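S.K.:
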Amino acid sequence: MDTSELLKKVRKIEIKTRGLSNHIFSGEYHTAFKGRGMNFSEVREYQFGDDVRAIDWNVTARFHHPFIKVFEEERELTVMLLVDVSESAAFGTVKQRKKDLITELCAVLAFSAINNNDKVGVIFFSEGVEKYIPPKKGKSHILLIIRELLSLEPKKNGTNIRDTLRFFNNAAKKRSIVFLVSDFLAAPHYQEALTIAARKHDMVGVHVYDRHDKELPPAGLIRMQDAETKQLRWVDASDRKVQEFYTRQFQEHARYCREAFIKSGAELLSIRTDEDYVKALQAFFSKRI
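Heads up: the sequence shown is residues 1 to 289, going by UniProt numbering.
1. Hey, how far is the Cα of S264 from the Cα of V206?
2. Compute the distance between the beta-carbons of N115 and S21, then report whether it is under 7 Å.
3. The alpha helix (DSSP H) spanning D213 covers which residue range?
4. Determine the contact status of I196 and N169, defining contact as a CB-CB distance below 7 Å.
5. Report the start-end ranges of each alpha helix (DSSP H) in the region 51-119 that is 4 residues or longer and not cut off at the edges.
6. Using a Cβ-Cβ cutoff of less than 8 Å, which residues in the same chain neighbour R44 once the five nearest sequence positions on both sides are dropped?
7. Is it buried or exposed, P154, if we count other Cβ atoms within 10 angstroms and call 16 or more buried?
8. For T103, is the classification buried or exposed, using 16 other Cβ atoms within 10 angstroms of its Cβ as the cut-off for buried?
9. State whether the region 252-261 contacts the region 274-281, with contact taken as three or more CB pairs (one from each stretch) at a distance under 8 Å.
10. Could you give the first and the last residue of the continuous beta strand (DSSP E) run that contains S238?
11. Under 7 Å between the Cβ atoms of K137 and K119?
12. May I ask you to report which of helix, strand or coil DSSP gives E148?
13. So is P217 buried or exposed if we call it buried at 16+ other beta carbons inside 10 Å?
14. Determine the extent of the beta strand (DSSP E) in which E267 is found, giving its start and end residues.
15. Distance, Cα to Cα, H253 vs S86?
16. Among L165, R62, D210, whose alpha-carbon lies nearest the alpha-carbon of A90?
17. Looking only at C-alpha atoms, which of V10, G92, L149 sits nearest to L82?
18. Candidates D239, E130, F250, D56: which alpha carbon is nearest N157's?
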């Protein structure tokens, strides 16, 4: 993709997703995530009806009169996007590729965040971390992120969610809102790292999948390639046992993903490539209010 084509695509994504974030998601985003952190503001004298649990006993002892700690909502948040850029994201059969949906979702979330004066950072990952963009504010920063979403080509095969979460757990010094966006078609064993991340951060998984990730169409004898291992093999797609095995593999990954997020206390949102992601995001934000 040459520079002029890339800039056109960036502009197209900006116009569509910024409009959605301005007119649809700005209020929902703010309401869904406000108050996730509280900063100490001051102490003042205790008044009737105040929560006794907020009493500052050190100040109270010093002045022989009850004082309480006053906290204010932390207005500025940090949003981290953990984005799967492995080769399996290039798959899509109905409306668009998973990668295209991931790009739009991340752009909408990023613009919603900067509309709320929040910082946005990104970790692109495949078998390992491909690129880390530290959190910053501003439109130019978001456009940089969109350019990377559109143009970044993974250097490694496969998908490693566990090591990506470990990298994030070590890199993140401040509590963040974290969107882990992936098709989750990876080897399991990321439960422990996800649990550690969810203890400190507001973790949300976004499971992006295509209809034919789950259902193999009865297309007869076809040559299939694993997007991440590049292995080729001939498959009889019309064979019932082959179709059942294909569906079972998807269901096993999806089940592990659901259970991992439930056990860790994180949330999970699933969106199919031919579904309306606007409605899915609105429903998710509304549920958190």
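Ideal placement from N, C-alpha and C gives every residue a C-beta, glycine not left out.
Keep in mind it's a predicted model, so treat the numbers as computed, not measured.
M.R.: In brief:
1. Using only the alpha carbons, I get a separation of about 15 Å.
2. Contact flag set, yes.
3. 211-214 is the span of the alpha helix (DSSP H), which, as asked, contains D213.
4. Contact flag set, yes.
5. Listed in chain order, they are 57-63, 98-115.
6. By the criterion of a C-beta distance shorter than 8 Å, R44 is surrounded in its chain by F67, I68, V70, once the five residues flanking it on both sides are discounted.
7. Of the residues assessed, P154 falls on the buried side of the cut-off, its CB having 16 or more other CB atoms within 10 angstroms.
8. Classification for T103: buried.
9. Contact between the region 252-261 and the region 274-281 is absent, because fewer than three Cβ pairs lie under 8 Å.
10. For S238, there is no enclosing beta strand (DSSP E), as DSSP marks it with neither H nor E.
11. Their beta carbons are under 7 Å apart, which means K137 touches K119 by this criterion.
12. Correct three-state label for E148: helix.
13. So P217 ends up on the exposed side.
14. Looking at the DSSP string, the run of the beta strand (DSSP E) that includes E267 is 267-272.
15. Roughly 16 Å between the two C-alpha positions.
16. Ranking the options by Cα distance to A90, first place goes to D210.
17. Nearest of V10, G92, L149 to L82, Cα basis: L149.
18. Ranked by how close their Cα comes to the Cα of N157, the residues D239, E130, F250, D56 have E130 in first place.
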